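Residue numbers (this note's numbering): 879 to 1139.
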Amino acid sequence: MSRTFDELVAEAEAVSVDGWDFSWLDGRATEQRPSWGYQRAMGARVARASAVLDLETGGGEVLAGSTPTLAPVTVATESWPPNIAKATRLLHPRGAVVVATGDTPPLPFADEAFDLVVSRHPVTTWWSEIARVLRPGGVYFSQQVGPASVFEVVEYFLGPQPEASRNGRHPDAARRAAEAAGLEVLDLRAESLRTEFFDIGAVVYFLRKVIWMVPGFTVAQYRDRLEELHKQILAEGPFVAHTTRFLIEARKPIDPPHQAI
879 MSRTFDELVA EAEAVSVDGW DFSWLDGRAT EQRPSWGYQR AMGARVARAS
929 AVLDLETGGG EVLAGSTPTL APVTVATESW PPNIAKATRL LHPRGAVVVA
979 TGDTPPLPFA DEAFDLVVSR HPVTTWWSEI ARVLRPGGVY FSQQVGPASV
1029 FEVVEYFLGP QPEASRNGRH PDAARRAAEA AGLEVLDLRA ESLRTEFFDI
1079 GAVVYFLRKV IWMVPGFTVA QYRDRLEELH KQILAEGPFV AHTTRFLIEA
1129 RKPIDPPHQA I
């Protein structure tokens, strides 16, 4: 017997959304993964590095699962208190330090402190700060959310979005920003990936966890739209959206650019 709308929503509202682990969605939603395998590729770089900074680590899950051996100096930053606590519990036993930071620069680290800076799905990329804390020859390696990601969900609840909003977070803009900060872009790749939600509880959980998709989302505010979507899923099958992701790797030059005299 199918579970009711109220049962599915109540379950999704009750579950914790701390950290950046989406395993609660197993069997309830699927997201195609990028071909480059970010966590594996990140782990290979972490294992070779001497000093690593993981920006916006979330609950620390990606860093902790990337490699059996972290770098001798490994630091992670996070700004959301529940995630800070979760990342500390997960990463401290691995020898990594978790630093609570704000949502605006500067980063609380000295110039040229790290030979590798990584970040998975940063809200904002502080390119000049990344360039500052990287050692010459050091690398920034990041998987980021691309333009109009999962906008089928966003526009279902908020209606059509302006073109500027749809084109935000474009990989070409990331290239320009990296180069403006003095970094050399080594790799830039983008993919559009199929995402499916199999029940309304999965949608509720997703919007509670990824809070910038529908800012201020609550079940009470969007109950009518949620009930319509529940009926649509029952009648037509999974709600399909498309996630966009891009991978960027940028290096700080060993020799600074020559300045005209």
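Glycine included, every Cβ here is placed at the ideal spot set by N, Cα and C.
Given the structure is predicted, the values throughout are model-derived calculations rather than measurements.
Taking only the alpha-carbon atoms, compute the straight-line gap between Val1031 and Leu1104 and give it to the nearest angstrom.
-> 11 Å
Could you check whether Arg1013 and Glu1033 sit closer than 8 Å to each other, using their CB atoms as the reference points? no
### Message
Per the DSSP calculation, Ser997 is bridged to which residue(s)?
### Response
Ser1020
Beta-carbon spacing of Ser1006, Ala1059 below 8 Å:
yes
What are the start and end residues of the alpha helix (DSSP H) that includes Asp981? First-last for Asp981: undefined, no H or E at that position.
Cβ neighbour criterion (16 or more within 10 Å) applied to Gly938
buried
Taking a contact to mean a Cβ-Cβ separation below 8 Å, would you say Thr1122 touches Ala1026 in this structure? yes
Whole-angstrom C-beta distance between Ile962 and Ala942, which should lie under 8 Å: No, Ala942 and Ile962 are not in contact; Cβ-Cβ is about 15 Å, not under 8 Å.
Let me check understanding here. Comparing Cα to Cα, which of Val1088, Arg1129, Thr1096, Ala1080 lies closest to Val1118?
Ranking the options by Cα distance to Val1118, first place goes to Ala1080.
Compare the C-beta of Leu1104 with all C-beta atoms of chain C and state if any pair is closer than 8 Å.
Checking the listed chains, one finds no chain C in this structure; it contains a single protein chain.
- Task: Just grab the DSSP bridge partners of Gly1128 for me.
- Result: Checking the sequence shown, residue 1128 turns out to be Ala, not Gly. Per DSSP, Tyr1018, Val1063.
*asked:* Short of 6 Å in beta carbon distance, which residues of its chain neighbour Leu1071, apart from the five on each side in sequence? Order them along the chain.
replied: Only Gln910, Thr1121 meet the Cβ criterion.
- prompt: For Val975, which option in Arg998, Trp958, Asp932, Ser944 has the closest C-alpha, if you only look at C-alpha atoms?
  reply: Asp932
- Message: Rounding to the nearest angstrom, what Cα-Cα distance links Glu1062 and Asp1077 in this structure?
- Response: 44 Å
Exercise for the section: Scan the segment 1077-1110 and note each continuous alpha helix (DSSP H) run of 4 residues or more that stays entirely inside, going in chain order. Expected result: 1078-1087
Note to self: Within 10 Å of its beta-carbon, does Ile1089 have 16 or more other beta-carbons around it, so buried, or fewer, so exposed?
What the structure shows: By the neighbour-count rule (16 or more Cβ atoms within 10 Å), Ile1089 is not buried but exposed.
Here's a check: name, in chain order, each residue in its chain whose Cβ is nearer than 6 Å to the Cβ of Trp914, leaving out the five neighbours to either side.
Leu1125
**Item:** Residues that Glu1074 bridges to, as DSSP identifies them
**Value:** Thr908, Val1118
Got a sec, what are the start and stop residues for the alpha helix (DSSP H) Asp1050 sits in? 1049-1058 is the extent of the alpha helix (DSSP H) around Asp1050.
| Any idea if Arg998 is buried or exposed, counting beta-carbon neighbours within 10 angstroms, 16 or more meaning buried? | buried
**Prompt:** Roughly how many whole angstroms lie between the Cα atoms of Glu891 and Gly921?
**Reply:** 34 Å
Using DSSP with H/G/I as helix, E/B as strand and the rest coil, what is Arg1012? In the sequence on display, residue 1012 carries Leu and not Arg. Correct three-state label for Leu1012: strand.
Given Val1023 as reference, the closest of Asp1050, Val995, Phe1035 once Cα atoms are compared
Asp1050
Classification of His1108 by the beta-carbon crowding that lies within 10 angstroms, buried from 16 upward:
buried
Checklist entry - Going by DSSP, which residues form a beta bridge with Glu1041? => result The partner list for Glu1041 (beta bridge, DSSP) is empty, contrary to what the question assumes.
ask   = Going by Cα to Cα distance, which pick from Thr982, Asp899, Ser944 is closest to Thr1003?
value = Thr982
Once the 5 residues before and after Arg1053 are set aside, which same chain residues still bring their CB inside 8 Å of it? Counting only Cβ-Cβ distances below 8 Å, and skipping sequence neighbours, we find Val1063, Leu1066, Ile1126.
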